[in-house]
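Engineer:
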Amino acid sequence: MRCRPALVLVERNHILLMKYQYGTEFVYNLPGGNPDPGETFPETIIRECQEELAIEVEVGNILMVGEILASDKRDASVHLLFEGKIIAGIPILQADQTSAIELVWVSISEITKLNMYPNVSLELQDMLFLQKPGKYIGAIDQRWV
């Protein structure tokens, strides 16, 4: 089972997402990645944001935990979303460090229109707009491209 910590960065009711293209489909995810050996989840997020976005971030509390169940074609994965903020720099995609094609600030009200990985846009909206506390959300119904 893989673990993928990610950072929820919100500024002016917009959330920072990384945009990927797979064939003719676009997929959006939160900044983060897979831990290196001996790395904590916050350390992973800090490193990934430095490498891929050229920013320094502060990682706060955990907001949400969900899992994508294993299938014949995919391994199981646990997704851990943390609150955070930029403490230095302006996000600039480092193309040599990621397969993402673009960084985008998307209105929180629009994220349900996107194919997100993990597919947590509704839960993020509830948490950010309705001030619902973070939680374990269980199995994530992920759309694969």
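Under this note's numbering, residue 145 is the last one in the sequence shown; the count climbs by one each step, no gaps. Glycine residues also receive a C-beta, built at the ideal position from the N, C-alpha and C atoms.
Would you mind working out which of Ile111, Pro5, Pro31, Met1 sits nearest Ile92, comparing C-alpha positions?
Structural biologist: Pro31
Engineer: Would you give the residue range spanned by the alpha helix (DSSP H) that Asn45 belongs to?
Structural biologist: In the sequence on display, residue 45 carries Ile and not Asn. Start and end: 41-53.
Engineer: If you drop the 5 nearest sequence neighbours on each side, which residues of the same chain put their C-beta closer than 6 Å to that of Thr98?
Structural biologist: The residues are Glu52.
Engineer: At which residue ranges does the region 4-44 contain complete beta strand (DSSP E) runs of 3 or more residues, listed in the order of the chain?
Structural biologist: 14-22, 25-29
Engineer: Should Gly23 go down as buried or exposed, given a rule of 16 or more other Cβ atoms within 10 Å for buried?
Structural biologist: exposed
Engineer: Measuring CA to CA, which of Gln142, Gly33, Val8 is closest to Asn115?
Structural biologist: Gln142
Engineer: Using 8 Å as the threshold, is the C-beta distance between Phe129 and Val8 below it?
Structural biologist: no
Engineer: Using beta-carbon positions only, say whether Gly89 and Glu58 come within less than 8 Å of one another.
Structural biologist: Result no, Cβ atoms of Gly89 and Glu58 do not sit closer than 8 Å.
Engineer: Anyone know if the C-beta pair for Leu80 and Val104 falls short of 8 Å?
Structural biologist: It is not a contact, given that the beta carbons lie outside the stated cut-off.
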